[in-house]
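Working notes, structure below.
Residue numbers (this note's numbering): 978 to 1164.
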């Protein structure tokens, strides 16, 4: 599991001025440097405590193991924010069924696996974005993706959502992909 730590200081800082480094030191890329003035007497004083956030990126067992992106990203602090990479109906061996119905069923099973790996469940999802190939050709009342969405989330735990019709996805034959964001309390 790759981990990155970000440390934020609660100390107040006030920029005094910004000078392009290219004026001071010739470099091929223009960079900026900020000079910071110390807090004045009229500013509220703060303690030098630090809030530490931890970012974890991983690919849970039971899902395909991509090399160019992470299946799950979590951000831990007071709350743990979970971002699932575009989930699709792809088996662990990187194959996928042909029909929209089978792909949709597998997509939501993969979402369940990824959420569980991050310590979450469907009730913790706060937002989903659904991409469906050739959405305009699918009858709204019989769209299997909509049925899976309705059945996946428990009553009282429906996330915000957006459905987008697209001409294609990353792999030819892939018909649905879902981005998911969830939030859980940190223990």
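The C-beta atom is built at its ideal place from N, Cα and C for all residues, glycine as well.
Between the segment 1041-1060 and the segment 1123-1130 there are fewer than three inter-stretch CB-CB distances shorter than 8 angstroms, so the stretches are not counted as touching. Residue nearest to residue 1094 within the set 1057, 1147 and 1144 is 1057 (criterion: CA-CA distance). Between residue 1113 and residue 1142, the CB-CB gap stays under 7 angstroms. At the C-beta level, residue 1091 and residue 1037 come within 7 angstroms of one another. Distance from the CA of residue 1133 to the CA of residue 1101, rounded to the nearest whole angstrom, comes to 11 angstroms. Counting the other CB atoms within 10 Å of its CB gives residue 1043 a total below 16, which places it among the exposed residues.
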